[in-house]
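*Asks:* Every number in the numbering used here is 124 more than the matching position in the sequence shown, counting from 1.
Below are the structure tokens for one structure; questions will follow.
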Amino acid sequence: MTQAHILGFPRIGAQRELKTALEAHWQGRLDETGLRAVGAQLRREHWQQQRDAGLDLVCVGDFAWYDHLHNATALFSAAPTRFGLPRSIDLAGYFAMARGTEAQPALAMKKWFDTNYHYLQPEVDESTRFALNRDWLLPEVREALSLGHAVKVVLPGPLTWLWLASAPTAFDKLSLLSLLLNPYFVLLAELNALGVASVQFDEPILALDLPDAWLDAYRSVYRELAPVAPPILLATLFGSVAEHAARLSELPIAGLHLDLVRGPDQLDALLDHWPAQRVLSLGVVDGRNLWRCDLRAALATLRRAAQRHPLDRLWIGSSCSLLHVPHDLRQEQELAPELRDWMAFATQKLDEVATLRRGLIHGDAAIADALNDTDRALDQRRRAATTHCAEVRERCARSGERRAGRASAFAQRAAKQRAALNLPLLPTTTIGSFPQTAPIRAARAAYRQQRIDRAAYEATMQHAIRDAIERQHALGLDVLVHGEAERNDMVEYFGEQLSGFALTAHGWVQSYGSRCVKPPVIYGDVSRPAPMTLQWTRYAQSLTDKPLKGMLTGPITMLCWSFVRDDVPRHEVALQLALALRDEVQDLEQAGIGIIQIDEPAIREGLPLKQADRAAYLDWAVHAFRLTSCGVDDATQIHTHMCYSEFRDILPAIAALDADVITIETSRSRMALLDAFAEFAYPNDIGPGLYDIHSPRLPSPDELHALLRRALDVIPAERLWVNPDCGLKTRAWPETEAALQRMVSIAAQWRRQLSAGEAAAVKPVAAETSSAFD
Ligand SMILES: CN1c2c(nc(N)[nH]c2=O)NC[C@@H]1CNc1ccc(C(=O)N[C@@H](CCC(=O)N[C@@H](CCC(=O)N[C@@H](CCC(=O)O)C(=O)O)C(=O)O)C(=O)O)cc1
Ligand SMILES: N[C@@H](CCS)C(=O)O
Ligand SMILES: [Zn+2]
Numbered sequence: 125m126t127q128a129h130i131l132g133f134p135r136i137g138a139q140r141e142l143k144t145a146l147e148a149h150w151q152g153r154l155d156e157t158g159l160r161a162v163g164a165q166l167r168r169e170h171w172q173q174q175r176d177a178g179l180d181l182v183c184v185g186d187f188a189w190y191d192h193l194h195n196a197t198a199l200f201s202a203a204p205t206r207f208g209l210p211r212s213i214d215l216a217g218y219f220a221m222a223r224g225t226e227a228q229p230a231l232a233m234k235k236w237f238d239t240n241y242h243y244l245q246p247e248v249d250e251s252t253r254f255a256l257n258r259d260w261l262l263p264e265v266r267e268a269l270s271l272g273h274a275v276k277v278v279l280p281g282p283l284t285w286l287w288l289a290s291a292p293t294a295f296d297k298l299s300l301l302s303l304l305l306n307p308y309f310v311l312l313a314e315l316n317a318l319g320v321a322s323v324q325f326d327e328p329i330l331a332l333d334l335p336d337a338w339l340d341a342y343r344s345v346y347r348e349l350a351p352v353a354p355p356i357l358l359a360t361l362f363g364s365v366a367e368h369a370a371r372l373s374e375l376p377i378a379g380l381h382l383d384l385v386r387g388p389d390q391l392d393a394l395l396d397h398w399p400a401q402r403v404l405s406l407g408v409v410d411g412r413n414l415w416r417c418d419l420r421a422a423l424a425t426l427r428r429a430a431q432r433h434p435l436d437r438l439w440i441g442s443s444c445s446l447l448h449v450p451h452d453l454r455q456e457q458e459l460a461p462e463l464r465d466w467m468a469f470a471t472q473k474l475d476e477v478a479t480l481r482r483g484l485i486h487g488d489a490a491i492a493d494a495l496n497d498t499d500r501a502l503d504q505r506r507r508a509a510t511t512h513c514a515e516v517r518e519r520c521a522r523s524g525e526r527r528a529g530r531a532s533a534f535a536q537r538a539a540k541q542r543a544a545l546n547l548p549l550l551p552t553t554t555i556g557s558f559p560q561t562a563p564i565r566a567a568r569a570a571y572r573q574q575r576i577d578r579a580a581y582e583a584t585m586q587h588a589i590r591d592a593i594e595r596q597h598a599l600g601l602d603v604l605v606h607g608e609a610e611r612n613d614m615v616e617y618f619g620e621q622l623s624g625f626a627l628t629a630h631g632w633v634q635s636y637g638s639r640c641v642k643p644p645v646i647y648g649d650v651s652r653p654a655p656m657t658l659q660w661t662r663y664a665q666s667l668t669d670k671p672l673k674g675m676l677t678g679p680i681t682m683l684c685w686s687f688v689r690d691d692v693p694r695h696e697v698a699l700q701l702a703l704a705l706r707d708e709v710q711d712l713e714q715a716g717i718g719i720i721q722i723d724e725p726a727i728r729e730g731l732p733l734k735q736a737d738r739a740a741y742l743d744w745a746v747h748a749f750r751l752t753s754c755g756v757d758d759a760t761q762i763h764t765h766m767c768y769s770e771f772r773d774i775l776p777a778i779a780a781l782d783a784d785v786i787t788i789e790t791s792r793s794r795m796a797l798l799d800a801f802a803e804f805a806y807p808n809d810i811g812p813g814l815y816d817i818h819s820p821r822l823p824s825p826d827e828l829h830a831l832l833r834r835a836l837d838v839i840p841a842e843r844l845w846v847n848p849d850c851g852l853k854t855r856a857w858p859e860t861e862a863a864l865q866r867m868v869s870i871a872a873q874w875r876r877q878l879s880a881g882e883a884a885a886v887k888p889v890a891a892e893t894s895s896a897f898d
């Protein structure tokens, strides 16, 4: 029977109930029973929503306390031995790996393919062994079955889990595959016995360029698992798998899911190969963006498929999990009705999927109201004057004619900057944000709710900035920042001030663990009506004689971390953003700000998954950054910052950005990334992150010392900066100051020794007793 389903639902809750409960639990204000009750309630509500919308199956296994890949790590008892956990991982052990402990840094956090969601990276080596832990997943399956739902269990495919795991360099992870299949095997047999309707194996790695050995492994995996499992739906997502059509058709699986939003052209290749007696699930409702589905276009695609594949074996779905979109558009009462009419959040997408199923089976007449309403909204969007600005288009056309670049080469600029800034060897700095304290957030909430006026709000922000400057003075940092107190988020803040952007009030999307972001929506041409950061930066600089780093979010990060219009190519939107931000850079320079950081943490994330598409992206992404940054004088120092991504494969593009200084995340990988920068002979200054800011764990002086020493082994001291690996907004002041104090002190020791030519003799400062682990 034609079935309607989604690949997963957001778990954080319409009111971010899971976030609130998790943070209360971590702070000791909610016990495990209370936390579990919140999780169970959310699951119940989300299953009921799927059922009420008319979907044929509900997803079980998409709920996670922190991350769904980490759930599989717990389910298969694959904790790295360094955590010293018992074989059966419990909730406390799960959180210990996610957040780090006094003794152990957390698992590395990595970007989930090209999304802004972060997964916890499993760690494997030749001693890794697996066993099914029945405390995970199975109780949730029983929960859903007992509520009478038709259950589709969602699991990371074994090859995706293994591919994403980190391992020692020379170790072949595939050698663990047969061991990993054992617990899968046992689990699938149990799911079968429980009466689960289907198991969805998410295998997003199929959208990458995979080595043959991994592609070959698909056959043995699914041959082994299929005989004991409920019907297996292998879900591909985030790109086309057309080149694997023949190979996938040979797998002994019941169904295949295609992401037709990211890979619309793959349908024909799959229809050529995919056997008629098996299920083909077509992901036509976009799980990555919030634009309303063009129901007629989606129906046309489905009908084209139905001409070549039996209708009762066609499923209709979301392109990927709805994890990446906010919960419910009905909460957005403050959004302009015109704009709201163009959108669909997760809840509305459930209806879209169900409507498409009805339309496909019963014809247009059965969904006439929905079709007419969509036609009206989409037509209105196409004709809207608010999306088009002739001035912006003309400026972009003019700017596209030339390549942007700094006036002089790095060496000449560096000399002028040294003279202008007068910084010591191994300058110390931070990445931009300081703790977003309760009073800061409360003042912003009060201002938003009009309980305080603009003057009172600004006074609170100025107070926070003054406080941050004083603390940085006391710590002895060399390059100061204003601390970003006034920013709710590094992307949303700019979105609020740029034309062409709209903001939601409740459009939260999980980024990692309990942390959420509210991506702004780019619906029209982008421009900058007025300076965005000048006032705060000037104020901060007025409080110090030290250099103060201006702080901007770069064009590619603005693009990647927003919901972007789908009626204009992404490279054009990037160009518009670059020109708007370029104006801000120049205003900062004119105001006497000698160092300007343009954050581009998302530049790697935007990289297409397939090699063949990468050069074109990197070309326009680098151009956008250079256009933003290169209009300044040689003596103005441009910094950039990147975090939580694998940068090895884009080092030439990173070098082509030609930022004078780059700060990067390296601490969770213990500087492994820095080796890549060194091997590539990265030419400009580097600040490898010396400690992980996403964990409340205080770095020990020994660790800081060892990491700085490793950095000095591969980067000349004259080009090395000392900093944490990302902004400090998620931390509290006591742990922030304690960590920075250690960092500054280690830098000072090395500086003294290097100046005295006695590098080898440097010893770590004595370890302080307490740890700020909370
Ligand atoms: C650097 N990172 C970022 C990514 N993406 C972004 N868009 N931004 C980023 O900074 N991707 C990669 C990483 C991910 N890292 C993080 C780190 C931290 C957070 C985070 O802390 N998120 C906050 C929400 C931040 C925010 O928008 N705050 C607003 C609203 C706060 C709020 O909830 N207010 C309450 C009232 C509170 C009160 O005190 O009364 C309300 O409105 O109901 C603000 O400060 O005004 C989080 O809480 O999860 C995310 C990604
Ligand atoms: N300047 C930002 C960068 C985060 S990636 C911050 O410090 O939070
Ligand atoms: Zn960062």
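By construction, the Cβ of each residue, glycine as well, lies at the ideal position given by its N, Cα and C atoms.
All values derive from a computational prediction rather than experimental measurement.
Looking only at its chain, what residues have a beta carbon closer than 7 Å to the beta carbon of R464, apart from the 5 residues adjacent to it on each side?
*Replies:* To locate residue 464, count along the sequence shown from 1; it is residue 340. Non-local beta-carbon contacts of R464 in its own chain, meaning distances under 7 Å to residues more than five positions away in sequence, involve L453 and E456 in chain order.
*Asks:* May I ask which residues mark the beginning and end of the alpha helix (DSSP H) holding V868?
*Replies:* The count along the sequence shown starts at 1 and reaches residue 868 at position 744. Segment W857 to S879, the alpha helix (DSSP H) holding V868.
*Asks:* So who's on the other strand from P812, going by DSSP bridges?
*Replies:* On the sequence shown, residue 812 is found 688 positions in, with the first residue counted as 1. According to the DSSP secondary-structure assignment, P812 is paired through a beta bridge with I788.
*Asks:* Please specify which runs of the beta strand (DSSP E), each continuous and at least 3 residues long, are wholly inside the region 726-781, giving them in chain order.
*Replies:* 761-766
*Asks:* I want to check one thing, is the minimum distance from the CB of C444 to the heavy atoms of ligand 3 below 7 Å?
*Replies:* Indexing the sequence shown from 1 puts residue 444 at position 320. C444 Cβ: outside cutoff for every heavy atom of ligand 3.
*Asks:* For the region 333-342 against the region 367-378, do three or more pairs of beta-carbon atoms, one drawn from each stretch, fall closer than 8 Å, so that the two count as touching?
*Replies:* yes
*Asks:* Mind checking V252: buried by the 16 CB within 10 Å criterion, or exposed?
*Replies:* Looking up residue 252 in the sequence shown gives position 128. Rather than Val, the amino acid found at residue 252 in this sequence is Thr. Answer is buried; the Cβ neighbour count reaches 16.
*Asks:* Can you list, in chain order, every residue whose CB sits closer than 6 Å to a heavy atom of ligand 3?
*Replies:* I555, P725, H765, C767, C850 and G851
*Asks:* Please report the Cβ distance between P450 and H630, rounded to the nearest whole angstrom; I am assuming they are in contact, meaning their Cβ atoms lie under 8 Å.
*Replies:* Taking the sequence shown and counting its residues from 1, the one referred to as residue 450 is at position 326. Taking the sequence shown and counting its residues from 1, the one referred to as residue 630 is at position 506. The Cβ separation is near 7 Å, so the contact holds.
*Asks:* Report yes if the CB atom of L751 is closer than 8 Å to the CB atom of A702, and no otherwise.
*Replies:* Within the sequence shown, residue 751 is the residue found at index 627, counting from 1. Within the sequence shown, residue 702 is the residue found at index 578, counting from 1. Yes.
*Asks:* Taking the Cβ atom as the reference point for each residue, do L836 and L844 lie within a distance shorter than 8 Å?
*Replies:* In the sequence shown, counting from the first residue as 1, residue 836 sits at position 712. In the sequence shown, counting from the first residue as 1, residue 844 sits at position 720. In this structure, L836 lies near L844, with their beta-carbon atoms less than 8 Å apart.
*Asks:* I'd like to know whether the C-beta atoms of L446 and A177 end up nearer to each other than 8 Å.
*Replies:* As a working note, residue 446 is residue 322 in the sequence shown. As a working note, residue 177 is residue 53 in the sequence shown. No.
*Asks:* In whole angstroms, what separates the C-alpha of L68 from that of R266?
*Replies:* The structure shown does not extend to residue 68, since the chain spans only 125 to 898, so no value can be given for it.
*Asks:* Return the bridge partner residues of Q173 from the DSSP annotation.
*Replies:* Translated into positions along the sequence shown, residue 173 becomes position 49. In DSSP, Q173 forms no bridge with anything.
*Asks:* Whole angstroms is fine: what's the gap from R652's alpha carbon to G624's?
*Replies:* On the sequence shown, residue 652 is found 528 positions in, with the first residue counted as 1. On the sequence shown, residue 624 is found 500 positions in, with the first residue counted as 1. Using only the alpha carbons, I get a separation of about 9 Å.
*Asks:* Please report the distance separating the alpha-carbon of A885 from that of P679.
*Replies:* By 1-based counting over the sequence shown, the position of residue 885 is 761. By 1-based counting over the sequence shown, the position of residue 679 is 555. Bear in mind that the predicted position of A885 carries a pLDDT of just 49, short of 50, making it unreliable; the figure below should be weighed with that in mind. Near 44 Å, if we compare the C-alpha coordinates of P679 and A885.
*Asks:* Tell me, which residues are paired with P280 by DSSP?
*Replies:* Here the question's residue 280 lines up with position 156 in the sequence shown. DSSP lists D326 as partners of P280.
*Asks:* Rank R568, L315 and A796 by C-alpha distance to the C-alpha of E582 and give the top, closest one.
*Replies:* If you number the sequence shown from 1, residue 582 lands on position 458. Checking every option, the nearest Cα to that of E582 belongs to R568.
*Asks:* What residue from R575, Y308 and S302 has the CA that sits closest to L256's CA?
*Replies:* For this step, residue 256 is matched to residue 132 along the sequence shown. Answer by Cα proximity: Y308.
*Asks:* By Cβ distance, which residues of its chain are closer than 6 Å to F191, with the 5 residues on each side in sequence left out?
*Replies:* Here residue 191 refers to the residue found at position 67 of the sequence shown. Looking at the sequence shown, residue 191 is not Phe but Asp. Around D191: Y243 and L244.
*Asks:* Apart from the five residues on each side of it in sequence, which residues of its chain come closer than 6 Å, Cβ to Cβ, to T471?
*Replies:* Translated into the one-based positions of the sequence shown, residue 471 becomes position 347. D452.
*Asks:* Given a cut-off of 8 Å on the beta-carbon distance, is the pair L676 and L705 in contact?
*Replies:* Here residue 676 refers to the residue found at position 552 when the sequence shown is read from its first residue. Here residue 705 refers to the residue found at position 581 when the sequence shown is read from its first residue. Contact: yes.
*Asks:* Any heavy atom of ligand 1 closer than 7 Å to the beta-carbon of E616?
*Replies:* As a position in the sequence shown, residue 616 is number 492, starting the count at 1. Indeed, a heavy atom of ligand 1 lies less than 7 Å from the Cβ.
*Asks:* Give me, in chain order, the residues of the same chain whose beta-carbon lies closer than 6 Å to that of A422; leave out the 5 immediate sequence neighbours on both sides.
*Replies:* For the purposes of this step, residue 422 is taken as the residue at position 298 of the sequence shown. So the list reads V408 and L480, once near-sequence residues are dropped.
*Asks:* Where are the beta strand (DSSP E) runs, 3 residues long or more, that stay fully inside the region 575-646, in chain order?
*Replies:* 623-626, 633-636 and 639-641
*Asks:* In chain order, what residues of the same chain lie with their CB nearer than 6 Å to the CB of Y571, ignoring the 5 residues before and after it?
*Replies:* As a first step, residue 571 is located in the sequence shown; it is residue number 447 there, counting from the start. Within the same chain, and ignoring the five residues on either side of Y571 in sequence, the residues whose Cβ sits closer than 6 Å to its Cβ are Y581.
*Asks:* List in chain order: all unbroken beta strand (DSSP E) runs of 3+ residues lying wholly within the region 373-399.
*Replies:* 379-383
*Asks:* Look up N847 in the DSSP assignment and give the residues it is bridged to.
*Replies:* Position 723 of the sequence shown, counted from the start, is the residue given in the question as residue 847. In the DSSP output, where bridge partners are listed per residue, N847 has G813.
*Asks:* Where does the unbroken alpha helix (DSSP H) through D475 begin, and where does it stop?
*Replies:* Along the sequence shown, read from residue 1 onward, the residue named residue 475 stands at position 351. A470 to H486 is the extent of the alpha helix (DSSP H) around D475.
*Asks:* So, with DSSP's three-state summary, where would you put Q700?
*Replies:* Within the sequence shown, the letter at position 576 stands for residue 700. The answer is helix: DSSP assigns Q700 an H, G or I state.
*Asks:* Buried or exposed for T157, please, with buried defined as at least 16 other CB atoms from any protein chain shown within 10 angstroms of its CB.
*Replies:* Taking the first residue of the sequence shown as 1, we reach residue 157 at position 33. Counting Cβ neighbours within 10 Å, T157 comes out exposed, since fewer than 16 surround it.
*Asks:* Could you compute how far the alpha carbon of A478 sits from the alpha carbon of R420?
*Replies:* The count along the sequence shown starts at 1 and reaches residue 478 at position 354. The count along the sequence shown starts at 1 and reaches residue 420 at position 296. About 14 Å.
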